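Below is one structure; the comments refer to it alone.
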Amino acid sequence: MNQRDALLVLFGVVIAVGIAGLLAIGTVTAPPRGEGRPSFYFGQGRVPQSRPIEFIQRQAPEPIRPIVPFQRGVSDSARDAAGYLLVLLGVSAALVLGREPVLASYHATLGGWRTQARVFGTGLAVVLLIASSTFLLTVLLLSAVSGPPQPGRPGFDSPFALQSLFLQAGLLTVVVAVAFAGIVALIGVAAASWRLGDAILGTRFLSRLGSRVPAPLVAVIGVTLIYLLAAAPAVGPFIALLTVAYALGAVVTARLGHASEHAPALS
Amino acid sequence: MDQYRGAPDLDMDERSLDRVLAAATPVAPPIGFRDEVMRRVRAERPRAFGEWIVAAALALPSLAYLAWQLSANGSDFVDGLSNAFAAAAQGAGAEEFFFVDGLVVLAVALIGVASIVAAHAALSPVGGAGAEPARRTGTNWFNGAKLR
Numbered sequence: 001m002n003q004r005d006a007l008l009v010l011f012g013v014v015i016a017v018g019i020a021g022l023l024a025i026g027t028v029t030a031p032p033r034g035e036g037r038p039s040f041y042f043g044q045g046r047v048p049q050s051r052p053i054e055f056i057q058r059q060a061p062e063p064i065r066p067i068v069p070f071q072r073g074v075s076d077s078a079r080d081a082a083g084y085l086l087v088l089l090g091v092s093a094a095l096v097l098g099r100e101p102v103l104a105s106y107h108a109t110l111g112g113w114r115t116q117a118r119v120f121g122t123g124l125a126v127v128l129l130i131a132s133s134t135f136l137l138t139v140l141l142l143s144a145v146s147g148p149p150q151p152g153r154p155g156f157d158s159p160f161a162l163q164s165l166f167l168q169a170g171l172l173t174v175v176v177a178v179a180f181a182g183i184v185a186l187i188g189v190a191a192a193s194w195r196l197g198d199a200i201l202g203t204r205f206l207s208r209l210g211s212r213v214p215a216p217l218v219a220v221i222g223v224t225l226i227y228l229l230a231a232a233p234a235v236g237p238f239i240a241l242l243t244v245a246y247a248l249g250a251v252v253t254a255r256l257g258h259a260s261e262h263a264p265a266l267s
Numbered sequence: 268m269d270q271y272r273g274a275p276d277l278d279m280d281e282r283s284l285d286r287v288l289a290a291a292t293p294v295a296p297p298i299g300f301r302d303e304v305m306r307r308v309r310a311e312r313p314r315a316f317g318e319w320i321v322a323a324a325l326a327l328p329s330l331a332y333l334a335w336q337l338s339a340n341g342s343d344f345v346d347g348l349s350n351a352f353a354a355a356a357q358g359a360g361a362e363e364f365f366f367v368d369g370l371v372v373l374a375v376a377l378i379g380v381a382s383i384v385a386a387h388a389a390l391s392p393v394g395g396a397g398a399e400p401a402r403r404t405g406t407n408w409f410n411g412a413k414l415r
């Protein structure tokens with residue numbers, strides 16, 4: 001373990017100890033059962049109001065009183081950041097558990113504007129293909145199980161139970177296909193985040209610092225920027241769509257791009 | 268100028284070294300040589316010990332906090348999930364309210380992060396966190412392989 005690794009471990013342990021302290025303060029300042037807000041609530045009644053910070057500080061032991069507002073702020077921020085934490089976990093898991101496909105996708109995105117256009121165009125084609133096939137499959141399923149039976153239709157003369165089974169199986173197929181596409185997109189998003197972090201840290205002002213930044217941190221920087229842009233009010237969904245398109249394009253190019261170079265022509 | 272016949276993916280400045288290395292007469296290493304080298308490599312680079320420390324430091328307090336939450340407020344979780352399933356079965360309306368303690372979210376997320384760090388430590392063949400440092404341009408941080 002070299003000095004840099006030791007520093008990273010030390011940094012991780014310090015962060016972990018800090019968060020453990022916040023969790024400990026959360027247990028010490030937790031309200032008695034039946035008072036204040038519950039830890040988890042879902043229902044039709046309104047969520048009970050939280051106890052004021054000043055009240056919690058008075059109840060808390062003297063040494064931790066100054067930290068209580070900070071702990072409350074972290075708690076509120078963590079609740080709001082659940083989506084970001086989920087994306088971060090997904091990208092991290094893809095980087096660790098799917099390293100070969102991520103590396104291949106990252107490799108496929110290396111290059112100039114021609115490569116970027118190729119990856120992006122491939123991804124857009126895949127997105128449109130998925131959207132159109134999903135829509136057509138849905139139309140096929142719904143037309144098979146609804147309306148009066150007519151000759152020549154898939155649901156002709158089939159009993160209702162069979163139609164229902166057909167619909168459920170079809171919807172399950174769609175869900176499985178979407179989940180598969182989601183996993184593929186997650187691998188691509190991890191590669192795209194890494195690539196975006198590369199581009200950011202490769203700028204002239206950051207290049208000296210960027211060469212020292214570990215690659216997982218580069219990917220985290222990239223996915224953070226993507227998440228922030230995708231959460232923007234007006235252009236957010238558009239940026240999310242572009243990101244998914246680029247991600248799918250990276251995976252497909254990595255999977256099929258090299259093979260197509262050596263494959264015999266179809267015609 | 269003689270034509271280069273080596274690996275086609277080498278840069279111009281790498282070809283001279285490749286010529287020198289390729290000119291060396293291949294000699295079979297003695298039996299057990301590879302095992303000895305790999306033994307020394309493993310001895311010099313312990314298997315991601317630091318990553319296990321970080322994973323434990325992240326996971327253990329979070330697990331303890333969640334265990335305390337379940338023991339102290341477990342019925343809140345059961346009631347909330349029951350209400351959520353009932354609302355999903357009946358068609359959830361806009362009058363449903365939801366709240367979760369942010370520290371619970373943080374603790375669960377930290378357990379996920381710790382799991383990923385532990386998985387990386389377990390899957391790394393050698394080095395793990397101590398493997399060749401991650402490089403933005405060129406070296407892959409997983410196993411030190413050249414990217415380009």
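Chains as they are written, first to last, in the numbering used here: chain A, 1 to 267; chain B, 268 to 415. C-beta: ideal position from N, C-alpha, C; glycine also. Please read these numbers as outputs of a predicted model, since none were measured by experiment.
For B/F366, write down the residues that DSSP places opposite it in a beta bridge. A/Y41
Can you pull the chain A neighbours of B/P328, defined as C-beta to C-beta under 8 Å? A16, I19, A20, L23, A24
Where do the ends of the alpha helix (DSSP H) carrying A/S75 lie? 68 to 80
Which chain A residues are close to B/A386, counting only those with a beta carbon under 7 Å from its beta carbon? V96, L97
What distance in whole Å lies between the Cβ atoms of A/G90 and A/L186, which are believed to be in contact at a cut-off of 8 Å? 5 Å
Give the secondary structure of B/E281 by DSSP, where H, G and I count as helix, E and B as strand, and everything else as coil. helix
Across the region 335 to 343 of chain B and the region 42 to 56 of chain A, are there enough close Cβ pairs to call them in contact, namely three or more that are closer than 8 Å? no
Starting from the C-beta of A/G12, find all residues in its chain whose C-beta is less than 7 Å away, skip the five residues before and the five after it, and write them out in chain order. none
Given a limit of 9 Å on CB to CB distance, which residues of the region 75 to 89 of chain A reach chain B? S75, D76, S77, A78, R79, D80, A81, A82, L85, L86, L88, L89
Determine the DSSP secondary structure at A/P63, reduced to helix, strand or coil. helix
Compile a chain-ordered list of the residues in the region 38 to 61 of chain A whose CB is closer than 8 Å to at least one CB of chain B. P38, S39, F40, Y41, F42, G43, Q44, G45, R46, V47
Go ahead and label A/N2 buried or exposed: buried means 16 or more other beta carbons lie within 10 angstroms of its beta carbon, across all protein chains shown. exposed
Quick one: grab the DSSP three-state call for A/G18. helix
Local Cβ density within 10 Å of A/D5, reported as buried at 16 or more and exposed below that: buried
So which of B/R301, B/P297, B/A339, B/A324 has the shortest CA-CA distance to B/I378? B/A324
If you drop the 5 nearest sequence neighbours on each side, which residues of the same chain put their C-beta closer than 6 Å to that of A/R65? Q57
According to the Cβ coordinates, are A/I239 and A/A230 closer than 9 Å? yes
Exposed or buried, which one is B/L284 when buried takes at least 16 other CB atoms within 10 Å? exposed
Say whether chain E places a C-beta atom closer than 9 Å to the C-beta of B/D278. Within the model displayed, chain E is absent; protein chains A and B are what it includes.
With a threshold of 16 other CB atoms inside 10 Å of the CB of A/G112, please say whether the residue is buried or exposed. exposed
List the residues of chain B whose Cβ lies closer than 9 Å to the Cβ of A/A93, in chain order. G379, S382, I383, A386
Taking the alpha carbon of A/H107 as the point to measure from, which residue in A/I183, A/G26, A/A82, A/A191 has its own alpha carbon closest? A/A191
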